Amino acid sequence: MKKVNIAIFVSGSGTNCENLIRYFEGSDRVICALVVSNKADALALERATRLGVPTAVTPKAQLNDPQVMLPLLREHAIDFIVLAGFLPLVPDFLIDAFPRRIVNLHPALLPKYGGKGMWGHHVHEAVKAAGEKETGMTVHWVTPVCDGGEIIAQYRCELSPDDTVDDIAEKEHQLEMAHFPQVVERVLLATFSE
């Protein structure tokens, strides 16, 4: 496999972002070359900077501007984009520029609990309200349809009726920490070894 530069897009605290950076540290095949956030105060930016990864802040207007985003990604020679807790919809021009080269992590078992407004605690609250006996994480390809892309991998965990929304969030987050970097690595190997 050729050396692959990935960009991680984040909106929040960046635990998955940091997990990915640490997972690929020292890899001779995968480089976390850029962390992009739509929020200037995202803790993920601090995590990335501390780990020596360049960062960029692209508020909505810039995110939706091909004249800003495409040169930024070219400047860092980005081959692949990983959404790790990134809330805005990815603009169509980026999906077109990176066909089957953008994946997203979703904190539920799609197709349930996906779509507009289904992020973070909103997802876990919906899972709790429905009385689900399990939850999990989904990694999927990004398409113009929110959370509608083909599923790449899913991991599940059992829930107890006594679990609070925070308990559900923590169980699901443990799955992300355990599995997300390996799924990204498998996708990269499959995509770039051809």
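Counting along the sequence shown from 1, when you hit position 160 you're at 210 in our numbering, and nothing is skipped either side. Every residue, glycine too, gets a C-beta built ideally from N, C-alpha and C. Just so you know, these numbers come straight off a predicted model, no measurement behind them.
- Setting aside the 5 residues that flank it on each side, Val215 is surrounded in the same chain by His171, His174, Glu175, Lys178, each with a C-beta closer than 7 Å to its C-beta; the list follows chain order.
- If you check the CB distance, Leu113 and Asn154 do not come in under 8 Å.
- Between Ile131 and Phe242, the CB-CB gap reaches or exceeds 8 Å.
- Looking from the CA of Glu182, the closest CA among Arg206, Glu200, Ala83, Asp197 belongs to Arg206.
- Straight across, the Cα-Cα distance linking Thr65 with Ala94 is about 7 Å.
- Of the residues Tyr73, Ala90, Val85, Val103, the one whose Cα lies closest to the Cα of Arg236 is Tyr73.
- Met227 is positioned such that its CB atom lies closer than 8 Å to that of Asn69.
- Straight-line spacing of the CA atoms in Asp197 and Ile145 works out to 13 Å.
- CA-CA distance, His190 to Met168, rounds to 15 Å.
- Across the set Thr193, Glu184, Pro138, the C-alpha of Glu184 shows the shortest separation from the C-alpha of Leu209.
- When the Cα atoms are used, Ala90 and Glu96 turn out to be separated by approximately 10 Å.
- Residue state for Met119 is assigned as helix, using DSSP reduced to three classes.
- For Gly170, the enclosing alpha helix (DSSP H) stretches over residues 170 to 179.
- When Leu137, Ile201, Ala219, Gly199 are compared, the shortest CA-CA separation from Gly62 is found for Leu137.
- When Pro109, Pro116, Ala134 are compared, the shortest CA-CA separation from Ala98 is found for Ala134.
- Contact between Asp129 and Arg151 holds, with the beta-carbon distance rounding to 7 Å and staying under 8 Å.
- The continuous stretches of alpha helix (DSSP H) do not include Asn88, and DSSP gives it neither H nor E.
- Under DSSP, the beta-bridge partners assigned to His190 are Asn154, Ile201.
- Contact between Val140 and Val192 holds: CB atoms are separated by about 6 Å, below the 8 Å threshold.
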